[in-house]
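Notes follow the structure.
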Amino acid sequence: MLAAVAALGTVLWQLFVAFGRANLFGFGGGPSVIPLIQQEVVDNYHWLSTEEYTDALAMGNALPGPIATKMAAYVGYKIAGYWGALSALLGTVMPTAVAMVALAGLYFKYKDAPQIQGMLRGVRPVVVVLLVQVAWEMGVKSFPVPSTWIIALVALVAVFALKVHPLALILASMTYGFFFLSGRAG
63 MLAAVAALGT VLWQLFVAFG RANLFGFGGG PSVIPLIQQE VVDNYHWLST
113 EEYTDALAMG NALPGPIATK MAAYVGYKIA GYWGALSALL GTVMPTAVAM
163 VALAGLYFKY KDAPQIQGML RGVRPVVVVL LVQVAWEMGV KSFPVPSTWI
213 IALVALVAVF ALKVHPLALI LASMTYGFFF LSGRAG
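All the letters of the sequence shown, read from the start, carry residue numbers 63 to 248 under this note's numbering.
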């Protein structure tokens, strides 16, 4: 019994640390934290495969709210039930909230300093590269049949040229997949 409690405590701590670390370094908000969560969840702890992570991310993006909290709740629940979800959520929110309050004071005092502006300009390209990395890794597994490439092309045009809301695309693609990609070759 004591060993089971200790093991659960270890897993809860790992969830807290993994999501705390990912969110502390996720400069730029939700999209920038996606590759960092993937690094922790898929590469470091092996809680999910790349395919499972992609599916969780797709489900999370179909719901309203910040992606980091949805991913924390999903992974935490999968790994350790409700306590795991709570631990991962606390890891997501607490460290960044404390850091944000501390940094806000410094930022408001020094925001116009050239060094601060330079730091911000320097980190933005890295955030974009991290997003491209995640998109590439997810894309490799997300296009198993020709029709998935067509879905991606339609989504690309719909988002950039037609300004279709992402939720409409998610719902339409899920509906299409339900009817036409369920167990078929595409």
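Ideal placement from N, C-alpha and C gives every residue a C-beta, glycine not left out.
A quick note: this is a predicted structure, and the numbers were derived from the prediction, not measured.
Environment of residue i [buried if 16+ CB atoms lie within 10 Å]
i, result
"residue 241", "exposed"
"residue 211", "exposed"
"residue 94", "buried"
"residue 132", "buried"
"residue 200", "buried"
Residue span of the alpha helix (DSSP H) that contains residue i, given as start and end
i, result
"residue 230", "228-242"
"residue 208", "208-222"
"residue 245", "No alpha helix (DSSP H) contains residue 245, which DSSP labels as neither H nor E."
"residue 200", "176-204"
"residue 87", "It is not in any alpha helix (DSSP H) - residue 87 carries neither H nor E in the DSSP assignment."
Contact set for residue i: own chain, Cβ-Cβ below 6 angstroms, skip 5 residues either direction
i, result
"residue 214", "none"
"residue 99", "84 and 133"
"residue 128", "92"
Chain-order list of residues whose beta-carbon lies under 8 angstroms from that of residue i (same chain, five-residue window excluded)
i, result
"residue 228", "123 and 221"
"residue 58", "With the chain covering only 63 through 248, there is no way to say anything about residue 58."
"residue 198", "none"
Three-state class that DSSP yields for residue i in the structure shown
i, result
"residue 162", "helix"
"residue 173", "coil"
Any non-hydrogen atom of the ligand SAH within 7 angstroms of residue i CB
i, result
"residue 207", "No copy of the ligand SAH appears in this structure; indeed no ligand is present at all."
CB contact check: residue i to chain D, cutoff 8 angstroms
i, result
"residue 181", "Protein chains in the displayed structure number just one, and chain D is not present."
Nonlocal neighbours in the same chain, by C-beta distance under 7 angstroms from residue i, ignoring five residues either side
i, result
"residue 144", "none"
"residue 192", "94 and 97"
Where in the region 92-156 do unbroken runs of the alpha helix (DSSP H), each at least 4 residues long, occur, reported from the N-terminal end onward? The region 92-156 is shown to contain whole alpha helix (DSSP H) runs of 4 or more residues at 92-100 and 112-123, in chain order.
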